[in-house]
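For the sequence shown, position 52 (counting from the first letter as 1) is numbered 53 according to the working numbering, and the numbering increases by one without interruption. These notes concern the structure reproduced below.
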Amino acid sequence: MRKGKRLQAGDTIGLVAPASPVSIERLQTAVAKLRRLGFRVKVGENAEKVYGGYMAGTPLERAADLHAMFADDDVRAILCLRGGYGTPQILPYLDVEWIRENPKLFIGYSDITALHIVFQQKCGLATIHGPMAAVEFITDDALSVQSLLKLASTGVPTGSYTGEAWGEGVMTAPLTGGNLSLICALMGTPFEIDTSGKILFLEEVHEEPYAIDRMLTQLQLSGKLDDASGFVLGQWTDCEPEAYADGFTAQDVLKKFFYGSGKPVLAGIQSGHGTPNLALPLGIPVTLDTVGQRLHFCETIVAE
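Right, here's the structure in full:
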């Protein structure tokens with residue numbers, strides 16, 4: 002896996018909006034926060050645009066901002082402003098060869114899952130599933146921000162990557178995944194996730210249990226769950242049942258698919274939509290230890 006260089010005080014962070022738009026106020030607050038933390042900041046040329054009400058510019062404009070950040074020698078890390086909707090639209094316009102030859106730290110989550118998958122599988126680039134500039138950086142979420150900055154500066158995660166063991170065993174394999182609905186959105190496309198021989202990380206927000214059941218069934222029927230070597234389940238925030246209030250909870254659905262699956266499973270990792278949102282390195286080998294009930298990271302996320 003290609004890796005970006007470690008992030009240090011005084012380095013330049015490039016801000017991009019590959020999905021939904023961000024308000025000027027939130028953008029300005031994010032820039033000010035990053036500067037207070039000791040970083041220089043460059044904002045994507047199209048980051049302030051609004052297209053169709055729910056996208057930050059056209060697909061070509063959003064892709065152009067990503068290309069510009071990867072091409073800019075001054076930019077050490079690329080940090081997404083927010084998720085939302087629209088990231089899959091830009092995938093056909095990405096110059097994967099250019100990105101492969103210009104590796105940088107790339108950070109985001111939620112709708113940004115689509116880029117994590119493409120960067121890992123098409124570009125061979127390790128990425129960081131973690132806090133975003135106009136979300137955790139502008140709220141009182143110091144633990145999430147600290148976990149990202151520690152990971153980006155040293156390459157080694159910090160924080161409690163522990164959970165509840167739902168299956169037995171110890172497995173070492175590359176970590177992949179992200180938001181469940183985005184993973185499902187890419188199924189049947191040239192960008193669908195490859196879980197073969199990998200540990201699959203999943204998280205979600207604002208989806209009822211029946212919808213989670215439907216999406217996991219899709220991954221099951223497509224062989225993605227069978228292909229995976231193990232599972233890490235993050236936070237499932239605001240996923241309470243409403244349409245079927247007396248039916249399965251989100252935890253019930255997850256246990257139906259993963260508890261006693263015969264593969265190592267670690268549930269309840271504090272990553273994804275929730276507080277804290279601990280930064281996770283994707284694309285590098287991790288050891289899923291159900292005995293110690295934690296994740297161990299086998300190598301750094303930054304280039305030595």
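The beta-carbon is built from N, C-alpha and C at its ideal position, and this holds for glycine as well.
Given that a residue counts as buried once 16 or more other Cβ atoms are within 10 Å of its Cβ, and exposed if not, what is residue i?
i: C299; result: exposed
i: P93; result: exposed
i: S111; result: buried
i: P104; result: buried
i: I25; result: exposed
i: D214; result: buried
i: Q9; result: exposed
i: S21; result: buried
i: Q271; result: buried
i: E62; result: buried
i: R77; result: buried
i: P19; result: buried
i: V310; result: Because the chain is modelled from 2 through 305, residue 310 falls outside the range shown and cannot be assessed.
i: A268; result: buried
i: A64; result: buried
i: L67; result: buried
i: G308; result: Lying before the first or after the last residue shown, residue 308 is absent from the chain, which here runs from 2 to 305.
i: A244; result: exposed
i: V171; result: exposed
i: Q221; result: exposed
Does the distance from the C-beta atom of residue i to that of residue j stay below 7 Å?
i: T301; j: V157; result: yes
i: A229; j: T196; result: yes
i: V266; j: G179; result: no
i: L289; j: I194; result: no
i: L281; j: H117; result: no
i: P132; j: L144; result: no
i: A134; j: L80; result: yes
i: P242; j: P286; result: no
i: T155; j: A115; result: no
i: K34; j: A304; result: no
i: Y86; j: Y52; result: no
i: I100; j: P60; result: no
i: Q252; j: A166; result: no
i: V119; j: F202; result: no
i: M216; j: C240; result: no
Let me check one thing: in DSSP terms, what residues is residue i bridge-paired to?
i: A304; result: K6
i: H130; result: G109 and L281
i: G1; result: What is shown of the chain runs 2 to 305, which leaves residue 1 out entirely.
i: R295; result: T163 and D290
i: G178; result: F202
i: T238; result: V206
i: Y86; result: Looking at the DSSP assignment, Y86 forms no beta bridge with any residue, so it has no partner.
i: V157; result: DSSP output for V157 lists no bridge partner at all.
i: T173; result: T288
i: A268; result: E165 and L234
i: Y52; result: M56
Quick check: the Cα distance between residue i and residue j, rounded to an integer number of angstroms?
i: T13; j: R7; result: 12 Å
i: E205; j: G273; result: 7 Å
i: T140; j: L16; result: 17 Å
i: A246; j: F232; result: 27 Å
i: A72; j: T30; result: 26 Å
i: H207; j: K256; result: 19 Å
i: M70; j: G45; result: 8 Å
i: A37; j: R83; result: Note on identity: in this sequence residue 37 is Arg, with Ala being the wrong assignment. Distance between the alpha carbons of R37 and R83 is about 20 Å.
i: T177; j: G58; result: 28 Å
i: G198; j: R41; result: 39 Å
i: K264; j: L226; result: 10 Å
i: T238; j: F138; result: 19 Å
i: T159; j: V146; result: 11 Å
i: T276; j: V254; result: 22 Å
i: K123; j: G248; result: 40 Å
i: L296; j: G235; result: 12 Å
i: V136; j: A48; result: 15 Å
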